[in-house]
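First the structure, in the form of structure tokens, and then the observations on it.
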Amino acid sequence: LGTAVEYGIQVVAVVVKDDCLSAIKGSQQQAYGQTIDTSMRSPDFVALAHSFGATGVSTRDIAQLPELIEYGFTQRGPTVIELRLEDRVEEMISVIPWLHGE
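For the sequence shown, my numbering gives the first residue as 1190, with consecutive numbering after it.
The following block contains the structure:
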């Protein structure tokens, strides 16, 4: 991020903030019926972006992503989009194909 800011590289990064390791949590649950050490505290990625001099935005609405990505490419330098899905971890796990033998 620092390099992108320094050189004015216009890039958009989408960070999924779920406060856990969703895929690992799902695989542990499937294999062992319990989880261990998969929850974690995530930083404020918007504040982190700003601390580097980049643009940072946050949303909980996946439907906003196309609009926010488009917005990011109108900014000078990098943009970080924080997609907050902390309350949707089980839903995310349910759609990971390899956790269901697919």
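Each residue gets a CB set at the ideal place from its N, CA and C atoms; glycine is no exception. Bear in mind that the values here come from a model prediction, so they are computed numbers and not experimental data.
Express the C-alpha separation of residue j and residue i in angstroms, rounding to a whole number.
i: Val1269; j: Ala1252; result: 17 Å
i: Thr1224; j: Arg1273; result: 22 Å
i: Arg1265; j: Gly1215; result: 38 Å
i: Leu1257; j: Pro1267; result: 13 Å
i: Ala1220; j: Asp1226; result: 15 Å
i: Ala1193; j: Gln1217; result: 36 Å
i: Gln1199; j: Ile1213; result: 32 Å
Can residue i and residue j be called in contact, C-beta distance under 8 Å?
i: Lys1206; j: Ser1228; result: no
i: Val1201; j: Phe1262; result: yes
i: Phe1241; j: Glu1271; result: no
i: Ala1238; j: Leu1190; result: yes
Could you check what DSSP says for residue i in three-state terms: helix, strand or coil?
i: Val1200; result: coil
Exercise. Fully enclosed by the stretch 1214 to 1272, which beta strand (DSSP E) runs are 3 residues long or longer?
Worked result: Runs found: 1244 to 1248.
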